[in-house]
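These notes are about the structure you will find just below.
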DNA sequence: GTTAGCAGTCGGGGCATGAGAGTGCTAACG
DNA sequence: CGTTAGCACTCTCATGCCCCGACTGCTAAC
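Residue numbers (the working numbering), protein chains in the order written: chain U, 1 to 346; chain H, 347 to 692.
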């Protein structure tokens with residue numbers, strides 16, 4: 001339904017348009033695309049591509065700009081999703097210089113990603129699907145108030161201030177903590193609630209808090225991802241009048257980008273691209289999202305994404321998202337004590 | 347040097363300008379400000395205020411807009427920095443509904459503040475000036491790798507992945523942990539390093555990690571504050587062309603707003619307002635910052651700030667920042683087990 | 001199928017015009 | 001001396017116009 005040459009021309013137009021942010025004239029294509037044909041021939045092809053819906057003409061006497069369908073074709077024809085070796089090295093080197101903490105990794109990923117692709121990066125923390133208790137610690141603060149620190153499988157640490165029904169000293173708390181640790185070690189929140197044991201009032205209270213924390217952790221999905229790089233996006237001519245940026249920001253900041261995207265169920269492996277109108281939410285229909293899961297199968301997963309105008313550099317963004325997701329996966333795998341499988345292609 | 351009536355007129359103009367975002371004509375003042383004089387008289391006063399530098403005229407035949415000096419006068423003359431009782435109740439009610447975690451409080455503060463004042467809110471976590479160890483926990487992950495969880499005075503919890511020089515099991519780690527806890531309980535990082543004790547190789551390594559974590563915690567100032575509400579700011583006509591917003595965002599996101607402000611040394615108590623050119627950094631000289639410290643004296647302090655166009659509602663922003671800082675102070679005081687002193691005025 | 005040539009179309013910049021808004025000034029008033 | 005009415009003046013903004021330049025679509029020839 002589309003000849004090889006049309007496809008070449010289409011991809012050339014899109015590449016140029018991404019770089020110039022202006023309609024691409026036939027002249028330019030004939031000169032630079034090295035097809036050995038004249039502008040007139042190009043124009044014929046362009047007219048065809050326009051009829052087929054791959055191109056849009058802002059007005060009669062102007063060059064073409066790609067439609068969502070055009071971008072889709074362009075993205076599908078990208079073959080190489082690997083970042084150049086030297087860039088890979090540069091990135092992984094940066095990760096070695098940072099503190100060995102999940103938050104630091106994720107935050108760094110967001111910052112790097114935003115800078116590398118000059119758009120907004122969205123990276124969520126890795127989340128266990130069904131968290132299991134690794135360790136529990138109760139620390140007395142004052143009278144009946146205490147701090148409970150919960151360490152879950154995968155080096156997830158959660159703390160919460162709690163208040164017992166009566167004053168307790170550190171010694172009692174340590175004893176309670178020891179008992180609960182031995183009782184609940186390695187269990188999920190559900191298993192803990194189902195466990196039938198004799199507990200004192202205080203132990204019961206501590207257990208309740210523990211279960212609550214674990215349930216909260218299990219239930220909060222895509223909460224508060226790291227957002228970085230708004231100022232890069234504002235640089236794009238698409239967002240010159242800030243009204244357009246505002247709508248998008250409101251969506252991403254307030255309602256949570258990931259919640260909006262998820263309905264798409266991009267559950268398969270690899271990088272996914274959602275272009276313009278393919279997005280469900282209206283506020284983001286002149287944007288594209290490049291998104292990828294990372295994590296360890298059956299243990300924990302997170303999401304890494306880039307949001308930018310549909311006219312973003314996919315050839316740069318896709319490999320970058322892909323590579324960073326694999327780096328994060330490996331780091332997270334270390335937390336769960338498992339090796340991470342070889343990288344796979346899209 | 348400025349009569350009572352001039353001052354009234356000036357403040358009226360500024361109030362109007364903040365509301366309308368347009369130059370204020372003499373007509374409007376005469377009609378609404380209830381001074382019992384005609385527009386002509388107002389014009390005379392306006393001419394005076396312009397000569398004195400309180401007002402600026404965008405062009406000859408236009409109303410006036412306030413200069414930074416004018417805003418300064420306006421802000422100084424604000425007397426009531428208390429939020430209405432019912433708003434106070436609404437806010438404190440919201441805090442009761444949220445998880446009892448420092449991060450949750452600070453994040454909520456940023457969100458609330460941004461929404462209440464319709465501008466960007468910047469809130470930093472409370473930071474101890476000289477943190478002391480409350481509890482240490484070592485958790486084995488795999489072979490030589492482990493997780494160290496450090497609880498500091500003030501319910502600050504930090505975790506880090508560490509690697510020992512040799513494989514260690516959980517039992518050994520627990521023993522090491524118990525020993526270090528009894529040795530270092532309540533000490534600062536400096537005191538820990540100065541403590542002369544016989545340690546095994548592993549204990550030495552764990553101590554080093556502990557000290558590093560505490561030093562990092564002590565040294566990182568104003569790191570990664572919670573930012574909220576960019577989309578509100580983009581609504582302001584001042585930022586209609588997103589170029590102006592970009593510069594500001596770059597400053598706040600990349601270089602850290604608080605670092606830029608700090609040189610001003612607003613060490614005293616209460617809310618401070620930095621207007622336009624009073625800011626050191628050029629990128630923010632058409633903005634104002636309303637900023638306030640919170641925390642417990644000598645134990646921990648954080649910062650809460652609002653950034654917006656110089657034409658922001660100071661009468662709303664100042665009380666809101668003030669009240670939220672006192673709420674946060676009280677919450678943080680609870681963490682340190684001390685009562686928080688009565689609220690004081692600016 | 002490809003190409004040259006040419007007419008046709010549309011956006012954007014430059015410019016003049018006119019209306020409207022609001023002031024500055026002057027002269028009169030109490 | 002402070003206040004006021006009246007009026008001329010100034011400047012912005014919106015509108016309309018025109019023309020230029022950029023590209024295309026079409027046609028006819030290769």
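Yeah, the Cβ is synthetic: ideal placement off N, Cα and C, and Gly gets one too.
Here the structure is a predicted model, which is why all the values come from computation and not from measurement.
Shortest Cα-Cα distance from residue 119 of chain U to any of U:312, U:13 and U:249 involves U:312. Contact check for residue 360 of chain H against residue 416 of chain H passes: the beta carbons are separated by less than 8 Å.
With a contact defined as Cβ atoms closer than 8 Å, residue 604 of chain H and residue 468 of chain H qualify at about 7 Å. By alpha-carbon distance to residue 667 of chain H, the top candidate from H:577, H:646, H:484 and H:461 is H:461.
Under the Cβ criterion of 8 Å, residue 286 of chain U is not counted among the residues facing chain H. Of the other Cβ atoms in all chains shown, 16 or more fall within 10 Å of the Cβ of residue 310 of chain U; this residue is therefore buried. Under the three-state reduction of DSSP, residue 474 of chain H is assigned to strand. Membership of residue 651 of chain H in the beta strand (DSSP E) is indicated by the continuous run 646-655.
Residue range 145-152 is occupied by the beta strand (DSSP E) that includes residue 145 of chain U.
When 7 Å is used as the limit between beta carbons, residue 195 of chain U is near no residue of chain H, the shortest such separation being about 21 Å. DSSP places residue 74 of chain U within a helical segment (H, G or I) once states are collapsed to three. Cα atoms of residue 380 of chain H and residue 420 of chain H: separation of roughly 19 Å, rounded to the nearest angstrom. In this structure, residue 580 of chain H places its C-beta atom within 8 Å of the C-beta atom of residue 246 of chain U. The Cβ of residue 312 of chain U sits no closer than 8 Å to any Cβ of chain H. Taking the C-beta atoms as reference points, residue 665 of chain H is found nearer than 8 Å to residue 427 of chain H. Annotation: residue 162 of chain U is outside any alpha helix (DSSP H); the continuous beta strand (DSSP E) that includes it extends over 156-163. Residues of the same chain with a CB within less than 7 Å of the CB of residue 480 of chain H, apart from the 5 flanking positions on each side, are 497, 498 and 499 in chain order.
Proximity of chain H to residue 139 of chain U at the Cβ level (cut-off 7 Å) is accounted for by 480, 481 and 497, in chain order. Here the alpha carbons of residue 215 of chain U and residue 630 of chain H stand approximately 43 Å from one another.
Assignment of residue 240 of chain U by DSSP, reduced to helix, strand and coil, places it in the coil class. Secondary structure of residue 405 of chain H (DSSP, three-state): coil. Interface annotation, residue 100 of chain U: in contact with chain H, CB-CB separation under 8 Å. Listed by position along chain H, the residues whose Cβ is nearer than 8 Å to that of residue 241 of chain U are 586, 587 and 588. Counting C-beta pairs closer than 8 Å gives three or more between the region 322-337 of chain U and the region 287-297 of chain U, which meets the contact rule. Positions of the beta strand (DSSP E) runs, each at least 3 residues long and wholly inside the region 83-138 of chain U, are given as 120-123 in order along the chain. Inclusion of residue 590 of chain H and residue 584 of chain H in the CB contact set at 8 Å is warranted, their separation being smaller than that value. In terms of Cβ geometry, residue 49 of chain U and residue 6 of chain U form a close pair [threshold 8 Å]. Bounds of the alpha helix (DSSP H) holding residue 606 of chain H are 603-607. Take residue 227 of chain U, set aside five residues on each side of it, and the residues of its chain with a beta-carbon closer than 8 Å to its own are 110, 120, 121, 122, 252 and 253, in chain order. Apart from the 5 residues on each side of it in sequence, residue 104 of chain U sits with its Cβ closer than 7 Å to the Cβ of 98 in its chain, given in chain order. Cβ contact annotation for residue 88 of chain U (same chain, cutoff 7 Å, sequence separation greater than five): 323, in chain order. Residue range 516-530 is occupied by the alpha helix (DSSP H) that includes residue 526 of chain H. Burial check for residue 188 of chain U: the Cβ neighbour count within 10 Å reaches 16 or more, so the residue is buried. According to the DSSP assignment, residue 331 of chain U belongs to the alpha helix (DSSP H) that extends over 314-335. In the DSSP assignment, residue 574 of chain H falls within the beta strand (DSSP E) that extends over 572-574. Between residue 649 of chain H and residue 470 of chain H, the C-beta spacing is below 8 Å.
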